[in-house]
Amino acid sequence: MYAITIPEPGGPEALVWAEVPDPVVGEGEVLVDVVSSAVNRADVLQRQGFYNPPPGASPYPGLECAGRVSAVGPGVSGWSVGDEVCALLAGGGYAEKVAVPMGQLLPVPEGVDLVTAAALPEVTATVWSNVFMVAHLRPGETLLVHGGSSGIGTMAIQLAKAVGARVAVTAGGPEKLARCAELGADILIDYREQDFVQELRRATDGAGADVILDIVGAKYLDRNVKALAVNGRLAIIGLQGGVKGELNLNALLRKRAAITATSLRGRPLDEKAAIVAAVREHVWPLIAGGVVRPIVDRSLPMPDAAEAHRVLESSAHIGKVLLRNPAA
Ligand SMILES: NC(=O)c1ccc[n+]([C@@H]2O[C@H](COP(=O)([O-])OP(=O)(O)OC[C@H]3O[C@@H](n4cnc5c(N)ncnc54)[C@H](OP(=O)(O)O)[C@@H]3O)[C@@H](O)[C@H]2O)c1
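Offset between the sequence shown (1-based) and my numbering: plus 55.
Quick look at the structure:
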């Protein structure tokens with residue numbers, strides 16, 4: 056098969072479409088003929104040599120895919136050759152074939168075409184597990200989403216609105232904020248021009264956010280705690296603004312607030328399977344019902360993964376960037 060390989064870490068040109076051995080399907084795994092994959096920030100870090108795949112994972116980038124089941128390993132139940140699926144991966148999505156643990160497969164949701172389905176696994180699993188399974192966002196509460204126009208952000212806005220929460224977003228510029236508003240965001244904050252703590256307080260009568268989904272990390276730690284409501288929950292999923300921050304524990308204590316941080320990729324198979332099952336139960340019906348939809352900025356041929364990475368790194372996109380297998 057062909058796959059995007061990284062012979063040497065570096066810039067986007069480090070991504071090379073090359074012939075490689077086919078994956079071997081193991082116990083409890085399913086082989087998927089990949090039709091499409093999608094780009095995630097983590098792929099950029101892997102390309103740069105800062106984020107190695109966890110032990111046992113494919114060496115090729117790609118944390119999600121959509122395609123057709125072409126073989127089923129021993130011990131697999133519930134999936135058959137020919138099934139159209141999408142999947143959460145620990146790697147290997149930028150390839151023509153990938154072996155997937157059966158607990159990480161999802162059917163293609165009703166109303167979504169097979170290529171577009173690759174936009175769903177990573178964002179739905181990340182948002183559902185953090186905002187709902189960990190931070191327990193409830194109807195009537197306020198969620199602040201940093202990076203509202205990102206792949207993650209566009210899904211977080213829609214899911215929070217679907218459960219009856221109020222949604223505040225930060226994004227860089229009016230065009231991105233307008234797209235967030237179209238998706239249902241109620242409070243729009245241009246983080247380049249405005250102070251998000253002040254704006255959020257103003258919009259919530261001083262209360263702040265019950266839950267914050269944060270992709271910035273250290274640079275926002277202090278301000279995120281200031282922006283939290285009493286009993287607030289800060290869920291950190293990204294470290295785009297650094298890893299080491301200073302925390303005023305008294306501020307946290309007075310608000311009886313909580314901070315969590317999770318990463319999906321390296322989690323044990325049973326935890327990923329539980330998250331994927333919850334996504335199938337709670338999110339898939341919302342997609343099938345047209346309440347929530349995948350937001351795709353553009354789709355490029357998989358051999359042009361370098362160009363897809365340039366788009367992601369320039370932050371010119373809104374939602375997800377897809378990669379199509381040219382042979383599928
Ligand atoms: N922990 C996990 O399991 C997990 C899983 C998936 C993703 N993630 C993380 O989630 C984040 C989003 O991922 P993605 O794939 O959706 O990436 P993406 O589409 O590339 O989005 C990154 C976004 O960050 C925004 N941004 C940059 N600086 C910001 C700031 N100071 N305040 C607010 N927004 C800012 C950019 O928007 P502007 O143009 O508006 O600046 C851009 O939309 C990444 O950090 C990724 O690593 C974590």
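We put the beta carbon where it would ideally sit given N, CA and C, even for glycine.
Next item on the list: Taking only heavy atoms of ligand 1 into account, decide whether any of them is closer than 7 Å to the Cβ of Q253.
Entry: Relative to ligand 1, the beta carbon of Q253 is positioned no closer than 7 Å to any heavy atom.
| task | Round the Cβ separation of V87 and V155 to the nearest angstrom and send it over; I've been treating them as touching at under 8 Å. | result | That belief holds up - the Cβ atoms of V87 and V155 are roughly 6 Å apart, short of 8 Å.
For V351, which residues from the same chain have a beta carbon less than 7 Å from its beta carbon, with the 5 sequence-adjacent residues on both sides left out? The residues are T171, A174, G374, K375, L377.
Legend entry - Cβ pair R102, P116 closer than 8 Å: Their beta carbons are under 8 Å apart, which means R102 touches P116 by this criterion.
- Query: Taking the C-alpha atoms as reference points, what is the distance between V178 and D260?
  - Reply: Computed Cα separation, rounded: 31 Å.
Nearest-angstrom Cα separation, counted from V90 out to A383: If you take the alpha carbons of A383 and V90, they lie about 5 Å apart.
### Query
Which stretch, first to last residue, makes up the alpha helix (DSSP H) that contains R278?
Run containing R278: 276-282, per the alpha helix (DSSP H) assignment.
- Leaving out five residues before and five after V252 in sequence, what residues of the same chain have Cβ atoms less than 6 Å from its Cβ? Once the five neighbours on either side are set aside, the close Cβ partners of V252 are R278, K281, A282.
Practice prompt. Could you please give the first and the last residue of the uninterrupted alpha helix (DSSP H) stretch that includes L214?
Written response: Per DSSP, L214 belongs to the alpha helix (DSSP H) from 206-217.
Checklist entry - I think A211 touches V218, with their Cβ atoms under 8 Å apart; what is that distance to the nearest whole Å? => result Rounded, the Cβ-Cβ distance is 11 Å, inconsistent with contact.
Could you tell me how far apart the beta carbons of P67 and H364 are, in whole angstroms, since I believe they sit closer than 8 Å?
Beta-carbon to beta-carbon, P67 and H364 are separated by about 4 Å, close enough to satisfy the 8 Å threshold.
- Query: Is DSSP giving E254 helix, strand or coil here?
  - Reply: DSSP, reduced to helix, strand and coil, places E254 within a helical segment of the structure shown.
| So the beta strand (DSSP E) T315 belongs to, where does it begin and stop? | Element bounds for T315: 313-316.
Exercise for review: Determine, using beta carbons only, whether S205 and I292 come nearer to each other than 8 Å.
Suggested key: No, the pair does not count as a contact, with Cβ atoms beyond the cut-off.
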